[in-house]
Amino acid sequence: MKTFVRILKKPITSTLIAILFGFLVAAVVLVFAGYNPWESFGALFKGIFAKPKYISNVIIKATPIILTGLSVAFAFKTGLFNIGAEGQYIAGTIAAVCVGVKFNFAPVVQVPLVVLSGVLAGAVFGGIIGFLKARFGIHEVITSIMLNWIGLYLSNFIVNTATYHQPNSTSSYAVNESSFTMLLPDWKTSKAGMAALKPNKWLYEMMLKTDVNFGILIAVVMAIIIWVLLYRSSKGYELRAVGFNRDAAEFAGINVGRNITQAMLIAGALAGLAGALAITGTSPHKISQMAAFENNGFNGLSVALIAGSSPIGCIFAGLLFGGLLYGGQSVQQDVGAPTEIINIMIGTIVFFVALTKIVPSLADKLERRGAQRAK
Amino acid sequence: MLSKLILLIGITLMYSTPLVFGALGGVISERSGVVNIGIEGMMTTGAFTAAAVSYFTGNPWLGFLAAGAAGGATALLHAVASVTFKADQTISGIAINLIGPGFALFFCRLLFDNATMTLPAKTLPKLFGESAFGDSAMKNLNVDVTVILALATTVVMWFFLYRTKWGLHVRSVGEHPAAADTLGISVSGIRYVCVLISGILAGFGGASMTLAIISQFTPTAISGQGFIALAAVIFGKWTPFGAYGACLLFGFAQALTIVLGGGDFAVPSQILAMLPYILTIVVLILFVGRSVAPKADGEPYEKGVR
Chain A
1 MKTFVRILKK
11 PITSTLIAIL
21 FGFLVAAVVL
31 VFAGYNPWES
41 FGALFKGIFA
51 KPKYISNVII
61 KATPIILTGL
71 SVAFAFKTGL
81 FNIGAEGQYI
91 AGTIAAVCVG
101 VKFNFAPVVQ
111 VPLVVLSGVL
121 AGAVFGGIIG
131 FLKARFGIHE
141 VITSIMLNWI
151 GLYLSNFIVN
161 TATYHQPNST
171 SSYAVNESSF
181 TMLLPDWKTS
191 KAGMAALKPN
201 KWLYEMMLKT
211 DVNFGILIAV
221 VMAIIIWVLL
231 YRSSKGYELR
241 AVGFNRDAAE
251 FAGINVGRNI
261 TQAMLIAGAL
271 AGLAGALAIT
281 GTSPHKISQM
291 AAFENNGFNG
301 LSVALIAGSS
311 PIGCIFAGLL
321 FGGLLYGGQS
331 VQQDVGAPTE
341 IINIMIGTIV
351 FFVALTKIVP
361 SLADKLERRG
371 AQRAK
Chain B
1 MLSKLILLIG
11 ITLMYSTPLV
21 FGALGGVISE
31 RSGVVNIGIE
41 GMMTTGAFTA
51 AAVSYFTGNP
61 WLGFLAAGAA
71 GGATALLHAV
81 ASVTFKADQT
91 ISGIAINLIG
101 PGFALFFCRL
111 LFDNATMTLP
121 AKTLPKLFGE
131 SAFGDSAMKN
141 LNVDVTVILA
151 LATTVVMWFF
161 LYRTKWGLHV
171 RSVGEHPAAA
181 DTLGISVSGI
191 RYVCVLISGI
201 LAGFGGASMT
211 LAIISQFTPT
221 AISGQGFIAL
231 AAVIFGKWTP
241 FGAYGACLLF
251 GFAQALTIVL
261 GGGDFAVPSQ
271 ILAMLPYILT
281 IVVLILFVGR
291 SVAPKADGEP
301 YEKGVR
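Just so you know, the sequences run in chain order A and B. Numbered by our numbering, the letters in the first sequence go through residues 1 to 375 in order. Numbered by our numbering, the letters in the second sequence go through residues 1 to 306 in order.
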């Protein structure tokens with residue numbers, strides 16, 4: 001009984017229960033719509049794990065949303081709701097494209113330059129939100145939403161300027177190859193590279209059929225850095241104090257306004273990094289005209305929530321989310337069920353994440369009842 | 001010139017209408033103390049239901065009502081989570097934003113031969129067209145009936161919130177649920193009703209997109225409208241008329257892009273499209289400043305906890 005209660009109290013238990021419910025609800029919807037849920041889930045998992053290139057693509061798909069998830073989670077920890085990760089991500093892609101197309105240095109200089117300009121643009125977008133909240137008390141949700149749209153139209157504007165517009169297309173030029181962050185892009189397509197990869201079927205398929213890139217490593221490192229910053233530094237203590245109780249933090253002599261601005265600068269930088277890495281790491285290495293948001297930032301919200309705002313949790317939540325998004329395409333191809341079943345599933349998981357927050361308190365009740373009986 | 005100006009007014013009203021319904025939904029829910037970030041999802045459900053029902057029955061009014069019901073049903077999820085289970089309202093709202101469009105597109109594919117858009121549906125009637133004004137400049141004011149409905153709903157909600165006993169109850173539950181509870185007001189009951197109304201209104205908002213502005217449901221029919229409505233709620237300081245005004249501003253900016261963007265204008269249309277959002281931030285800095293939410297907004301009510 002005691003161990004049972006202890007297991008129930010672990011945050012991961014609630015998350016797993018939520019994921020279980022996600023599949024359960026999706027199964028019910030599928031049955032209702034006349035599809036076989038077993039076949040559908042089979043197709044889903046096949047779409048994630050069946051081929052090396054699928055796994056690789058899942059990781060590639062997960063990379064940006066791990067980072068935007070981190071951005072949102074970090075802001076959550078400091079008491080801010082960063083619904084603006086979408087705009088900050090877009091800002092990152094814009095800056096990366098502008099710099100990556102304009103300049104063409106050696107990769108050692110070019111890659112950091114392009115990535116950092118994306119980070120900077122994201123930080124500016126986030127910083128504006130934080131500053132306006134700290135200085136004028138403007139709700140971060142409203143500025144975030146406004147900046148998302150400003151980012152979208154700014155991106156469309158840049159795509160259509162004479163300098164960046166690729167003729168006869170709806171997109172910008174691709175960034176110069178010196179900005180690419182794929183794993184050995186030249187070597188793997190060279191004769192020597194192909195010959196070296198050939199014996200290992202897995203590596204061959206992963207390397208040549210997908211954009212294997214350094215993004216995931218950076219995302220994991222960032223998750224660890226953010227964890228250290230939040231839980232092992234005095235700055236992180238300040239930030240969390242502001243998030244936990246603004247008035248108490250103020251009373252303890254913490255400059256609340258400055259911390260809010262800094263928190264949003266960092267959150268924005270993370271989302272901007274996601275955008276920049278998407279440009280440097282995956283084709284088509286450019287921005288295109290957008291009619292609606294592409295949801296890389298909004299998906300970060302779900303990732304952060306499934307992860308319970310834990311930085312390390314974001315890695316796993318991002319991979320789960322990336323897997324569902326990528327594998328979901330196979331559900332439509334193989335079984336014919338609309339791929340939107342995945343959105344329903346993810347939404348249900350997030351919904352039950354909200355509900356299962358009560359599991360630990362239920363466990364408490366269970367424990368107390370057990371204690372009473374023992375008397 | 002005059003005809004262009006009237007056209008501008010007409011388009012402003014047209015584009016602000018879905019936002020007005022959505023924002024009013026936000027106002028009523030947040031005034032009772034439940035943050036509703038799920039307006040977007042409820043609007044999308046409404047938008048699809050409206051187009052689908054109108055297409056299959058040939059009766060747009062039935063579609064409009066069905067949209068309200070669909071929005072309300074979606075809102076019920078939010079109410080169960082945030083009132084009964086005392087769950088985090090932001091998380092639940094975000095879940096609604098995933099589930100709503102998910103269901104809309106899922107059923108759209110099932111009913112419309114795997115397409116993500118419905119076939120064109122019969123739309124709601126327009127008012128003040130050539131029939132009312134003949135061939136004068138005023139005929140450009142040919143607005144949809146939903147425009148009038150949105151204005152009427154705003155007035156009714158203002159009257160309800162500030163001039164009736166029930167409105168006082170709603171506001172007291174949003175400001176100080178414990179005090180309201182001691183007066184015998186059912187906090188959960190009021191919050192349930194308000195969240196449901198919020199969903200119904202958001203559903204109407206979605207319907208006024210797909211049954212008036214465009215005549216079918218598409219995946220981008222409601223892309224971000226719900227979030228703009230949410231911004232309008234905060235911009236309008238959680239009051240019906242404030243929210244209405246904020247929505248008009250967004251609608252006006254959109255109309256400006258359409259009327260001016262068509263040709264000989266020096267500013268690129270993307271920059272023009274950006275204006276309303278920049279303007280909002282500037283207005284907030286200059287005039288509105290600190291926006292104060294209802295005091296208990298977003299906090300689940302626990303009986304007996306101070």
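Cβ coordinates follow ideal geometry from the N, Cα and C atoms, glycine included. Here the structure is a predicted model, which is why all the values come from computation and not from measurement.
Output needed for residue i: all residues of its chain with C-beta closer than 6 angstroms, excluding positions within five of it in sequence on either side, in chain order.
i, result
"residue 116 of chain A", "none"
"residue 143 of chain A", "129 and 132"
"residue 40 of chain B", "97, 226 and 227"
"residue 22 of chain B", "39, 43, 202, 205, 226 and 229"
"residue 58 of chain B", "122"
Go to residue i, then tell me how far its alpha helix (DSSP H) extends in each direction, as first and last residue.
i, result
"residue 10 of chain A", "Note, residue 10 of chain A: premise wrong, no alpha helix (DSSP H); not H, not E."
"residue 259 of chain A", "256 to 281"
"residue 349 of chain A", "341 to 355"
"residue 131 of chain A", "107 to 136"
"residue 270 of chain B", "269 to 283"
"residue 103 of chain B", "89 to 111"
"residue 97 of chain A", "85 to 102"
"residue 159 of chain B", "145 to 163"
"residue 247 of chain A", "246 to 251"
"residue 329 of chain A", "311 to 330"
"residue 167 of chain A", "That residue, residue 167 of chain A, is in no alpha helix (DSSP H); it is neither H nor E in DSSP."
"residue 334 of chain A", "Note, residue 334 of chain A: premise wrong, no alpha helix (DSSP H); not H, not E."
"residue 205 of chain A", "201 to 209"
"residue 148 of chain A", "140 to 159"
"residue 46 of chain A", "37 to 49"
"residue 125 of chain B", "From DSSP, residue 125 of chain B is part of no alpha helix (DSSP H); its letter is neither H nor E."
So that I know if they touch, is there some Cβ in chain B lying closer than 9 angstroms to that of residue i?
i, result
"residue 340 of chain A", "yes"
"residue 68 of chain A", "no"
"residue 344 of chain A", "yes"
"residue 357 of chain A", "yes"
"residue 82 of chain A", "no"
"residue 173 of chain A", "no"
"residue 255 of chain A", "no"
"residue 143 of chain A", "yes"
Who are the Cβ neighbours of residue i in its own chain at under 8 angstroms, not counting the five residues just before and after it?
i, result
"residue 109 of chain B", "115 and 116"
"residue 295 of chain A", "86"
"residue 281 of chain A", "60, 63, 180, 181, 182, 211, 213, 214 and 215"
"residue 174 of chain B", "30, 31, 32, 33, 294, 295, 296 and 297"
"residue 158 of chain A", "94, 97, 98, 164, 172 and 287"
"residue 355 of chain A", "18"
Chain A beta carbons: is any one of them nearer than 9 angstroms to that of residue i?
i, result
"residue 97 of chain B", "yes"
"residue 344 of chain B", "There is simply no residue 344 of chain B to check, as chain B begins at 1 and stops at 306 in what is shown."
"residue 73 of chain B", "no"
"residue 188 of chain B", "no"
"residue 48 of chain B", "no"
"residue 277 of chain B", "yes"
"residue 304 of chain B", "no"
"residue 163 of chain B", "no"
"residue 224 of chain B", "yes"
"residue 118 of chain B", "no"
"residue 270 of chain B", "yes"
"residue 280 of chain B", "yes"
"residue 123 of chain B", "no"
"residue 239 of chain B", "no"
"residue 88 of chain B", "yes"
Here's a check: name, in chain order, each residue in its chain whose Cβ is nearer than 7 angstroms to the Cβ of residue i, leaving out the five neighbours to either side.
i, result
"residue 240 of chain A", "77, 78 and 230"
"residue 177 of chain B", "33, 187, 296 and 301"
Is there at least one non-hydrogen atom of the ligand ATP closer than 8 angstroms to the beta-carbon of residue i?
i, result
"residue 10 of chain B", "Inclusion of the ligand ATP in the displayed structure is not the case, the ligand content being empty and no account of it being possible."
- Item | Segment contact flag, the region 319 to 333 of chain A with the region 58 to 68 of chain B, C-beta cutoff 8 angstroms, min 3 pairs | no
- Query: What runs of the alpha helix (DSSP H), each 4 residues or longer, lie entirely inside the region 197 to 249 of chain B?
  - Reply: 225 to 235
- Message: Measuring CB atoms only, is the region 264 to 279 of chain A touching the region 57 to 73 of chain A, in the sense that at least three cross pairs come out at less than 8 angstroms?
- Response: yes
- Three-pair Cβ contact test at 8 angstroms for the region 134 to 141 of chain A versus the region 205 to 219 of chain A: no
- Ordered list of alpha helix (DSSP H) runs contained in the region 16 to 80 of chain B, each at least 4 residues: List check, alpha helix (DSSP H) in window: 39 to 57 and 60 to 79.
- Task: Examine the Cβ distances between the region 47 to 55 of chain B and the region 74 to 84 of chain B and report whether three or more of them are shorter than 8 angstroms.
- Result: By the Cβ test, the region 47 to 55 of chain B is not in contact with the region 74 to 84 of chain B, since fewer than three Cβ pairs between them sit closer than 8 angstroms.
- Item | Cβ contact (3+ pairs, closer than 8 angstroms) linking the region 12 to 22 of chain B and the region 138 to 157 of chain B | Contact between the region 12 to 22 of chain B and the region 138 to 157 of chain B is present, because at least three Cβ pairs lie under 8 angstroms.
- Validate contact between the region 365 to 372 of chain A and the region 148 to 163 of chain B using beta carbons, cut 8 angstroms, 3 pairs: Contact fails: fewer than three Cβ-Cβ distances are below 8 angstroms.
- Query: Does the region 256 to 266 of chain A come close enough to the region 105 to 121 of chain A to have 3 or more Cβ pairs within less than 8 angstroms?
  - Reply: no
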